[in-house]
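Residue numbers (this note's numbering): 376 to 606.
Shown next as structure tokens:
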């Protein structure tokens with residue numbers, strides 16, 4: 376079983392009520408295999424954590440970028456409050472090592488899947504909020520993500536961030552886009568990377584670029600064209 380005390384040390388936060396943390400780290404697959412566990416899965420906490428995270432980032436942007444319009448602020452927030460960012464943070468905290476998961480899900484590597492670890496990260500944020508209040512969790516969120524927020528804000532005017540636009544579009548409809556590297560061609564000094572983005576309903580688009588990020592941006596741009604989303 377996961378040693379929650381070790382994870383508290385990684386978080387830098389000691390819970391008054393450890394059941395909040397256990398709840399946040401409990402995947403549905405674990406509950407399905409342990410019917411007598413009354414703690415419940417982290418799905419409801421994920422819902423709350425998403426709002427707490429969004430508010431923490433929104434308040435920081437609102438107070439520190441007073442000249443930026445709402446649309447730009449929304450794009451910056453979407454580029455930070457996303458699966459990739461949360462999965463990266465979860466990996467840094469080694470959150471996957473502390474998840475309560477069913478045997479089948481665990482054997483398939485579920486504790487390392489970005490879609491699952493990012494959701495669990497939101498649940499952990501909710502747990503800290505419930506245990507310590509908004510000021511505490513906001514401080515921790517900004518400690519974790521402040522550099523990412525500032526970097527996203529600095530790049531706002533250089534080029535259209537198609538990934539962020541697509542992320543915002545999808546999140547507002549209850550799902551997230553998923554990117555996979557499908558290949559790379561050419562010599563080392565002139566490689567071309569190929570990336571595919573897939574969204575709910577099985578729609579997908581392929582993009583290319585001189586690096587992985589550019590290939591993802593191209594795939595996102597083409598998906599937005601398919602969806603007829605105005606930028």
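Each residue gets a CB set at the ideal place from its N, CA and C atoms; glycine is no exception. Please read all numbers here as calculations on a predicted model, not as lab measurements.
- Residue 604 carries a coil assignment under DSSP once its states are collapsed to helix, strand and coil.
- Cβ-Cβ separation between residue 427 and residue 455: approximately 14 Å, too far for a contact (criterion under 8 Å).
- Measuring C-alpha to C-alpha distances from residue 429 to each of 403, 400, 404 and 461 identifies 461 as the nearest.
- As a beta-bridge residue in DSSP terms, residue 570 pairs with 556 and 582.
- With contacts defined by Cβ atoms closer than 7 Å, residue 388 and residue 475 do not form a contacting pair.
- If you draw a straight line from the Cα of residue 600 to the Cα of residue 593, it comes to about 11 Å.
- In the three-state reduction of the DSSP assignment, residue 473 falls in the helix class.
- Scanning its chain for C-beta atoms nearer than 7 Å, with the 5 sequence neighbours on each side dropped, one finds around residue 420 the residues 398, 399, 498, 501 and 502, in chain order.
- Distances from the CA of residue 494 to each of 466, 512 and 570 were compared; the closest alpha carbon is that of 466.
- Rounded to the nearest angstrom, the gap between the Cα atoms of residue 596 and residue 547 is 18 Å.
- The stretch 468-483 makes no contact with the stretch 438-450; the number of CB pairs closer than 8 Å stays below 3.
- Straight-line spacing of the CA atoms in residue 488 and residue 473 works out to 14 Å.
- A contact is defined here as three or more CB-CB pairs under 8 Å, and the stretch 509-518 fails this definition with respect to the stretch 568-588.
- If you look at residue 390, you'll find it isn't in any alpha helix (DSSP H); DSSP assigns it neither H nor E.
- Between residue 575 and residue 583, the CB-CB gap reaches or exceeds 7 Å.
- Take residue 425, set aside five residues on each side of it, and the residues of its chain with a beta-carbon closer than 7 Å to its own are 497, in chain order.
- By a beta-carbon distance limit of 8 Å, residue 602 contacts residue 544. Their separation comes to about 7 Å.
- Excluding five sequence positions before and after residue 560, the CB atoms of its chain that fall closer than 6 Å to its own CB belong to 567, given in chain order.
- Within 10 angstroms of the beta-carbon of residue 555 lie fewer than 16 other beta-carbons, which makes it exposed.
- Closest option to residue 464, judged by alpha-carbon separation, among 385, 542, 403 and 396: 385.
- Excluding sequence positions up to five before and after residue 605, its CB lies less than 6 Å from no other CB in the same chain.
- According to DSSP, residue 401 shares a beta bridge with 475.
- Non-local C-beta neighbours of residue 558 in its own chain, meaning closer than 7 Å and more than five positions away in sequence, comprise 569, ordered along the chain.
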